[in-house]
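Novice: In case it helps, full-length UniProt numbering puts the sequence shown at residues 1 to 208. Glycine included, every Cβ here is placed at the ideal spot set by N, Cα and C. Here it is, the structure in full.
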Amino acid sequence: MAAPAPATASAAAADPGTAYKLLLSCPTGLPRARVSVKFDKIFDRIPHPDTALEESISEIWNQRLERNPSLYNGTKFRPQEIGIMGHQADEEDLACVSERVSQEMFEGIIREVVEETGVPASSLTDPVFIGVSRREMNVRPTAFFFTKCGIDSSGVNELYSRAQDGFESTKLYAVSVDELRGMSQRMPGCHNGGFALYELMRKATKSL
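Structure, rendered in C-alpha cells:
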C-alpha cells in the first residue's frame, strides 16, 4: 500500500463557499492500524486576542439557545466518551490517550452511520481514512473516511425511517457517482473536497 502524501491541491469555485484545499490525501485508504493521533494541549484552540469578540461567542450561543432550546452544546468529537477529561502530563498516559483517540476516530464513524441511518454496524466494512479537506472560506478542516454497506438502497431507506438520530437530517439520497459529482458543487468546501478525495480513491483502487 502506498504511503499517504501531503496534498496541496485546491479548487476555486464561482461560489466561494464551495472552495476547498486538500491538506492530506490517502487514495488507497489507511486502516485504523496505520493511523495515529497526537493528543496534546499545544493543539488547543487559541482564544482570540479581542476579548470582546471572544466573549461574544457565549452571548451568541445563549441567544440561539433561547430561540431553539433543543440545541446541544457539544462538539462532534466528545473525548469524555473514551475517558478523557483533560490533558494529562505523563508521557505514558498521553501515549495511551492518543491511542484511544485514534481508535475513537474509526469507531465514531461507524457509530455516526449507525445512529443517523439506522443500518446495523454488522453491515458496514471497517472504515479506511482517505484524507483531510479544508474549506477555504472559514478554514474548516474535515477528515474523511470510507466504508461500504452490505444492504441495498431500498433496505437502507427503510432502516433510515427508524434511525435513532434520523432527526438530524431531512432526507437520505441514493445517487450515482455522476449525480453525486453534480451535487458536490453545491456542498460546503470541506465536503466538496471530501468528494474530491473519494474520486482520488476510486482512481487509485479502480474497483469502487
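Who does Pro141 pair with in a DSSP beta bridge?
Specialist: Arg134
Novice: With a 10 Å radius around its C-beta and 16 neighbouring C-beta atoms as the bar for buried, classify Tyr173 as buried or exposed.
Specialist: exposed
Novice: Could you check the C-alpha separation between Glu199 and Ala52 for me, to the nearest Å?
Specialist: 43 Å
Novice: Looking at the secondary structure, which residues open and close the alpha helix (DSSP H) in which Leu180 lies?
Specialist: 177-184
Novice: Out of Glu54, Pro49, Phe195, which one is the CA nearest neighbour of Glu179?
Specialist: Phe195
Novice: Look up Val101 in the DSSP assignment and give the residues it is bridged to.
Specialist: Val101 is not bridged to any residue.
Novice: Can you give the Cα-Cα distance for Gly189 and Val132, rounded to whole angstroms?
Specialist: 12 Å
Novice: Relative to the C-alpha of Glu158, which residue among Asp15, Glu116, Val101 is closest?
Specialist: Glu116
Novice: Candidates Phe39, Leu124, Val128: which alpha carbon is nearest Arg100's?
Specialist: Phe39
Novice: Report the CB separation of Val128 from Gly29 in whole angstroms; it is logged as a contact under 8 Å.
Specialist: 3 Å
Novice: Please tell me whether Pro27 and Met201 are closer than 7 Å, where the distance is taken between their beta carbons.
Specialist: yes
Novice: Which residues bound the alpha helix (DSSP H) around Cys190?
Specialist: 189-205
Novice: How many Å lie between Asp15 and Leu23 at the Cα?
Specialist: For Asp15 and Leu23, the gap between their C-alpha atoms comes out near 20 Å.
Novice: Take the Cβ of Ala33 as the centre, count every other Cβ of all protein chains shown within 10 Å, and call the residue buried at 16 or more, exposed below.
Specialist: Counting Cβ neighbours within 10 Å, Ala33 comes out exposed, since fewer than 16 surround it.
Novice: Which same chain residues end up closer than 7 Å to Tyr160 when comparing Cβ atoms and leaving out the 5 residues on each side of it in sequence?
Specialist: Thr117, Gly118, Gly166, Leu172
Novice: Report buried or exposed for Asn192, applying the criterion of at least 16 other Cβ atoms within 10 angstroms of its Cβ.
Specialist: buried
Novice: With a threshold of 16 other CB atoms inside 10 Å of the CB of Val113, please say whether the residue is buried or exposed.
Specialist: Classification for Val113: buried.
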